[in-house]
Amino acid sequence: MRKIFLALVISICILPLFAQDSTASVLKDKATTDTSQTTTGTHKNYRAKSYLLYNYTELQGNNAFNQEFRGDAFDKVIITGDVFANSKGVPAALAFDLLFNQPVSEALINRADKQLGNLMKFDESLNTGITYERYFKKADLTLVVGYNYRQMLDVSGPKQAFETMFYGNARFEGDTANLSNINFNYYNYNQLSLGIIKRIDYGSYQMVFGMTGSFLQVINNINIQTGPTSIYTAPYGEYVDINYNLTYNQATAAAPQFGALNGVGASGDFNLSFQNKDKWKLSMDIRDVGVMTFRKYEVNYSGTNNVDFQGFVIPNLLQFTSQTFDTLNLDSALTSKLPSKSNNQYTVFLPFTADLIFSKPLLNDRLVLTAGIQYRHIPNYYAYGYVKANYFLTSDMLISASAGAGGYSLFDLGFEFAKTWKYCDIAIGSSNLLGLIAPAYYSGGALYLKLGATF
5 MRKIFLALVI SICILPLFAQ DSTASVLKDK ATTDTSQTTT GTHKNYRAKS
55 YLLYNYTELQ GNNAFNQEFR GDAFDKVIIT GDVFANSKGV PAALAFDLLF
105 NQPVSEALIN RADKQLGNLM KFDESLNTGI TYERYFKKAD LTLVVGYNYR
155 QMLDVSGPKQ AFETMFYGNA RFEGDTANLS NINFNYYNYN QLSLGIIKRI
205 DYGSYQMVFG MTGSFLQVIN NINIQTGPTS IYTAPYGEYV DINYNLTYNQ
255 ATAAAPQFGA LNGVGASGDF NLSFQNKDKW KLSMDIRDVG VMTFRKYEVN
305 YSGTNNVDFQ GFVIPNLLQF TSQTFDTLNL DSALTSKLPS KSNNQYTVFL
355 PFTADLIFSK PLLNDRLVLT AGIQYRHIPN YYAYGYVKAN YFLTSDMLIS
405 ASAGAGGYSL FDLGFEFAKT WKYCDIAIGS SNLLGLIAPA YYSGGALYLK
455 LGATF
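Counting in the working numbering, the sequence shown runs from 5 upward without gaps.
Dropping the structure here:
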């Protein structure tokens with residue numbers, strides 16, 4: 005698979021070179037015509053400035069609305085990979101061990117326990133795919149077609165939920181563990197997108213409006229929520245008293261083939277931006293506004309009750325699945341008090357993301373300063389703010405530094421390098437380097453890669 009991926013990248017970069025001779029005169033004519041026009045809004049003048057100044061103002065590499073290409077090109081293929089994890093207390097190494105099903109060391113667990121506040125918060129996202137863009141000069145409009153593999157996870161709850169998960173109920177002997185208001189959401193799906201980006205030139209300023217619609221083929225989903233829930237463990241473990249209010253939904257554990265459609269959904273992305281040529285740019289985005297529904301192979305548990313267990317030990321919550329309740333060895337009286345099982349259809353909404361970004365070029369367009377604020381619609385999420393500085397070493401190469409705080413993060417420092425050639429470009433960076441450099445001590449981490457070819 006890696007060899008196929010590499011071959012694809014190389015081919016889309018080299019293919020335009022073979023067409024260079026046959027199209028050189030055409031491209032030259034286009035470039036000459038566009039350059040000779042002094043009015044704003046021409047293909048080369050307008051889009052080249054946006055390309056040079058505003059292509060790298062965000063912290064991730066998967067925004068189709070912020071990927072301009074050179075003025076004499078009309079087609080672009082973009083391959084992107086973007087992964088991040090955020091938390092204010094869980095070390096990145098612990099999160100990676102859980103994500104990749106590796107043993108978690110006691111040292112990591114103890115360190116996370118000390119770093120966590122009263123509320124545990126963690127989220128991660130994986131977004132990788134390929135996008136094709138086609139520019140139509142007469143309409144000043146771009147058609148966008150893409151495929152992405154997506155995975156999102158967010159968890160929030162009281163600190164005692166973390167302690168129960170990793171230490172078991174023995175830690176709370178003679179005490180009560182609070183497990184109320186736990187929210188666990190996992191989404192895994194394929195995304196097929198189609199959209200447009202329309203540019204309107206008003207002379208003194210320009211406006212861009214973009215939107216995409218996506219069909220979602222769901223691979224898996226897990227949704228867990230608790231209301232007032234607690235576990236009391238009597239001294240010496242004589243008995244355990246559980247008071248619970250639980251809702252648990254899980255879709256199919258895998259998609260055997262793309263057309264199976266065990267779960268389907270739809271989503272939309274929207275962008276509106278304004279800029280005064282090369283003086284400033286203000287951009288507003290809202291992404292992943294969507295819904296999923298599940299009609300096959302669902303498993304649901306729900307209930308509100310109080311249960312007393314004699315000499316009972318809480319199961320390993322790290323291995324908790326929809327079969328956990330089925331494997332408990334209990335008599336019929338206690339079993340009747342467990343959450344009821346069903347196989348009902350259910351629907352969930354995707355956690356959307358909204359961004360507001362302002363960029364200002366300085367030093368004769370050599371430096372671009374950006375300030376942004378982001379909101380993700382997940383439980384207990386507060387606004388994330390960041391600043392980013394892009395410095396152009398040459399007209400086609402830049403380095404960036406960023407700093408951010410808020411959301412599920414404590415404090416992030418990032419770095420990016422980008423290089424552009426006539427037919428290819430590459431950008432690699434991270435919005436949270438600290439978690440990558442010292443994963444055993446710092447929470448969160450991020451990495452993204454973007455490869456493009458224009459022709």
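Backbone N, C-alpha and C fix where the C-beta goes; we use that ideal spot for every residue, glycine too.
Just so you know, these numbers come straight off a predicted model, no measurement behind them.
In the structure shown, what three-state DSSP assignment does residue i receive?
i, result
"Q164", "helix"
"P239", "helix"
"L183", "coil"
"F170", "helix"
"N56", "It should be pointed out that residue 56 corresponds to Leu in this sequence rather than to Asn. Three-state result, L56: helix."
"A498", "The requested residue 498 does not occur in the structure, where the chain is confined to residues 5 to 459."
"G253", "The sequence given here has Asn at residue 253, not Gly. Strand."
"L354", "coil"
"F219", "strand"
"A4", "Given a span of 5 to 459 for the chain in the structure shown, any question on residue 4 remains unanswerable."
"A28", "Residue confidence for A28 is low, a pLDDT of 34 falling below 50, so the modelled location carries little weight; the figure read from the coordinates is stated next. A28 falls in the helix class under three-state DSSP."
"R74", "coil"
"F459", "coil"
Who pairs with residue i in a beta bridge, going by DSSP?
i, result
"F104", "Answer by DSSP bridge pairing: none, since F104 is not bridged."
"D79", "R138"
"T424", "D429"
"Q279", "Q210 and K285"
"N304", "N253 and S346"
"T61", "In the DSSP output, where bridge partners are listed per residue, T61 has none listed."
"D144", "For D144, which the question treats as bridged, DSSP gives no partner whatsoever."
"N247", "S234 and N310"
"R154", "N131 and Y193"
"Y452", "D86 and G433"
"G410", "Y388 and S413"
"A270", "F219 and V295"
"N368", "N368 pairs with nothing; no bridge assigned."
"K125", "S160"
"L360", "M288 and I377"
"F419", "A405 and S434"
Go through its chain and collect everything with a Cβ distance to residue i's Cβ below 6 angstroms, but skip five positions before and after it.
i, result
"A99", "A89"
"T132", "G85 and Y153"
"D33", "Unreliable placement is indicated for D33, whose pLDDT of 34 sits below 50; the coordinate value is still reported in the next sentence. Answer for D33: no residue qualifies."
"T424", "D400"
"Y386", "G410"
"L157", "E128 and Y190"
"A442", "none"
"M5", "Bear in mind that the predicted position of M5 carries a pLDDT of just 40, short of 50, making it too unreliable to give a figure here."
"I226", "Y190 and Q254"
"L130", "V87 and Q155"
"Q378", "D359 and Y388"
Among residues of its own chain, excluding the 5 on either side of residue i, which ones have a beta-carbon nearer than 7 angstroms to its beta-carbon?
i, result
"K125", "S91, K92, S160, N384 and Y412"
"D25", "Bear in mind that the predicted position of D25 carries a pLDDT of just 39, short of 50, making it unreliable; the figure below should be weighed with that in mind. No residues qualify anywhere along the chain."
"S77", "Looking at the sequence itself, residue 77 is Ala, so the reference to Ser does not match. Excluding positions up to five away in sequence, the list reads T458 and F459."
Count the other CB atoms within 10 Å of the CB of residue i; is the residue buried (16 or more) or exposed (fewer)?
i, result
"E242", "exposed"
"E110", "exposed"
"T398", "exposed"
"S208", "exposed"
"T180", "exposed"
"F166", "buried"
"N391", "Going by the sequence as given, residue 391 is Val instead of Asn. That one is exposed."
"D79", "exposed"
"R138", "exposed"
"S344", "exposed"
"L183", "buried"
"G449", "buried"
"S346", "exposed"
"Q71", "buried"
Kindly indicate the opening and closing residues of the alpha helix (DSSP H) around residue i.
i, result
"E110", "E110 to Q119"
Between which two residues does the beta strand (DSSP E) holding residue i run?
i, result
"I441", "First-last for I441: L437 to I441, but that is the alpha helix (DSSP H), not the beta strand (DSSP E)."
"V293", "K285 to F298"
"R380", "L371 to R380"
"F69", "Premise fails: F69 is in no beta strand (DSSP E) and is neither H nor E."
"Y388", "Y388 to T398"
For residue i, which residues in the same chain have their Cβ closer than 8 angstroms to its Cβ, ignoring the five residues on either side in sequence?
i, result
"G272", "M215, T216, G217, S218, V293 and G294"
"A270", "G217, S218, F219, L220, G294 and V295"
"F419", "I403, S404, A405, S406, G433, S434 and L437"
"W284", "F362, S363, K364 and P365"
Step through the CB atoms of chain D and report whether any lies within less than 8 angstroms of the CB of residue i.
i, result
"N348", "The structure shown has no chain D; it contains just one protein chain."
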